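A.B. asks: In the numbering used here, the protein residues as written are 2 to 376. Quick reminder that beta carbons are idealized off the backbone N, C-alpha and C, glycines included. None of these values were measured; they are calculated from a predicted model.
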Ligand SMILES: [Zn+2]
Ligand SMILES: [Zn+2]
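(1) Using a Cβ-Cβ cut-off of 7 Å (strictly less than) and excluding sequence neighbours within five positions of residue 334, which residues of its own chain qualify?
(2) Is it buried or exposed for residue 350, if we count other Cβ within 10 angstroms and need 16 for buried?
(3) Whose C-beta lies closer than 6 Å to the C-beta of residue 207 among residues of the same chain, with five residues either side of it excluded?
(4) I'd like the list of long-range same chain contacts for residue 336, defined as Cβ closer than 7 Å, with 5 residues on each side in sequence excluded.
(5) Identify every run of the alpha helix (DSSP H) within the region 42-95, keeping only runs that are complete inside it and at least 4 residues long; order them along the chain.
(6) Using a Cβ distance threshold of 8 Å, determine whether the region 80-94 contacts the region 134-144, with at least three qualifying pairs required.
(7) Give me the residue from 179, 160, 192, 144 with the minimum Cα distance to residue 204.
(8) If you check the beta carbons only, do residue 194 and residue 260 fall under 8 Å apart?
(9) Under 8 Å: do the region 272-279 and the region 169-187 share three or more Cβ pairs, one atom per stretch?
(10) How would the residue list near ligand 1 read, in chain order, if you kept each one whose beta-carbon is closer than 7 Å to any heavy atom?
(11) To the nearest angstrom, how far is it from the Cα of residue 293 to the Cα of residue 264?
(12) Considering only the beta carbon of each residue, do residue 61 and residue 132 sit closer than 8 Å?
(13) At the level of alpha carbons, what is the spacing between residue 110 and residue 95?
(14) Nearest to residue 40 by CA position, among 184, 58, 64, 56, is which residue?
(15) Check whether the Cβ of residue 108 sits closer than 7 Å to any heavy atom of ligand 2, and report yes or no.
(16) For residue 145 and residue 221, which I take to be in contact (beta-carbon distance under 8 Å), what is that distance rounded to the nearest angstrom?
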């Protein structure tokens, strides 16, 4: 008589914290339960703004033409060529050693494709609508044409003013909890790369509409060409690249990868180095922390992973993680899950733009002479 050895079913493996979060973050569950109403308010504001713009025929602008121009800026030939150069630079001078197809890279590539395909129409609609609303409700804001000043000077003025307003809105993104919920995704990247510039929630663009105001004010005197916008965007994209470069003395004017990495650092306040393309605003408002040996290649991301990231799951689940990240700002507020935005307890002294912070994030004086900053 043969005996049959019956093996009881093994108990299911306990789910990791990240996988439990992934299960809890299913869009259907999150949207059908309570939501964070202020975030819904941002979505409603965007909807109303676009409805107004649409009803006004986008202020006479051609929607499709504007969309095509934006796509050229985002993923046109010149932008792709620049990104290609930056990808090579990431392999030659890496800040952190990463495989060519690291999960973070693949995930940011997905976000880049989503931006080019789906978010670009949203940005176009928001932009045209906002400009039309500002022009019609505040007509005095548009300066008349002043012929004696060359156009390049106006364009330079628009770029600098736009960058300053981007800095201001970025600070607000870190200080206002509602805005932080949309900005959190950008800071969640643990494998920084040039495409991290596209790692943004679509509705974050509502807050950055303010940066369009200089372009409206100087509408009669000059407009930013696609080339200017590509160059501006390339500086911002390169600042996110996984390269150990600081630009030397030029780092006092332009945001370098080493400089912006400090803004994304895992273990310290992230409301420093807020500049987009220019580092002058951080220095002006005492929020500049210049890189040194200790900060090059420093870890990035969010402590405790309050937002689900692609590195947290046992196997790659990019689409599920992406869906969770899109829904995340609308999650009901739970203090344990959503810590307040990381911020510094005190501003770095304005007189010590070369100051750095130790690995633990504590403010400190520069421990290297500023000339060592150049990498
Ligand atoms: Zn930020
Ligand atoms: Zn960034």
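C.D. replies: Reading from the atomic positions:
(1) For this step, residue 334 is matched to residue 333 along the chain shown. The beta carbon of residue 334 is closer than 7 Å to those of 37 in its chain, skipping five residues each way along the sequence.
(2) By 1-based counting over the chain shown, the position of residue 350 is 349. For residue 350, the predicted structure reports a pLDDT of 38, less than 50, and the residue's modelled location is therefore unreliable. The matter cannot be settled from this model.
(3) Residue 207 sits at position 206 when you count from the first residue of the chain shown. Here the set comprises 43, 47.
(4) Taking the first residue of the chain shown as 1, we reach residue 336 at position 335. Low confidence applies here, because residue 336 scores a pLDDT of 49, under 50, leaving its location unreliable; read the following figure in that light. Within its own chain, no residue has a Cβ closer than 7 Å to the Cβ of residue 336 once the five positions on either side in sequence are excluded.
(5) Annotation note: the region 42-95 contains the following uninterrupted alpha helix (DSSP H) runs of length 4 or greater, listed N- to C-terminal: 64-76, 78-93.
(6) Under the Cβ criterion (8 Å, minimum of three pairs), the region 80-94 does not count as touching the region 134-144.
(7) Start at 1 with the first residue of the chain shown, and residue 204 comes out as number 203. Looking at the Cα atoms, 179 is the closest of the given residues.
(8) The residue you call residue 194 lines up with position 193 of the chain shown. The residue you call residue 260 lines up with position 259 of the chain shown. Here residue 194 is not near residue 260, since their CB atoms are 8 Å or more apart.
(9) Because the criterion of three Cβ pairs below 8 Å is met, the region 272-279 and the region 169-187 touch.
(10) Residues flagged by the Cβ proximity filter: 171, 174, 175, 184, 187, 188, 264, 271, 275.
(11) Here residue 293 corresponds to residue number 292 of the chain shown, with the count starting at 1. Here residue 264 corresponds to residue number 263 of the chain shown, with the count starting at 1. Roughly 14 Å between the two C-alpha positions.
(12) The residue labelled residue 61 in the question sits at position 60 within the chain shown. The residue labelled residue 132 in the question sits at position 131 within the chain shown. Between residue 61 and residue 132, the CB-CB gap reaches or exceeds 8 Å.
(13) Within the chain shown, numbered from 1, the residue matching residue 110 stands at position 109. Within the chain shown, numbered from 1, the residue matching residue 95 stands at position 94. Cα to Cα, the separation comes out at about 18 Å.
(14) For the purposes of this step, residue 40 is taken as residue 39 along the chain shown, with counting starting at 1. Shortest Cα-Cα distance from residue 40 to any of 184, 58, 64, 56 involves 184.
(15) Position 107 of the chain shown holds residue 108. Checking the Cβ of residue 108 against ligand 2 gives no.
(16) Taking the chain shown and counting its residues from 1, the one referred to as residue 145 is at position 144. Taking the chain shown and counting its residues from 1, the one referred to as residue 221 is at position 220. That belief holds up - the Cβ atoms of residue 145 and residue 221 are roughly 6 Å apart, short of 8 Å.
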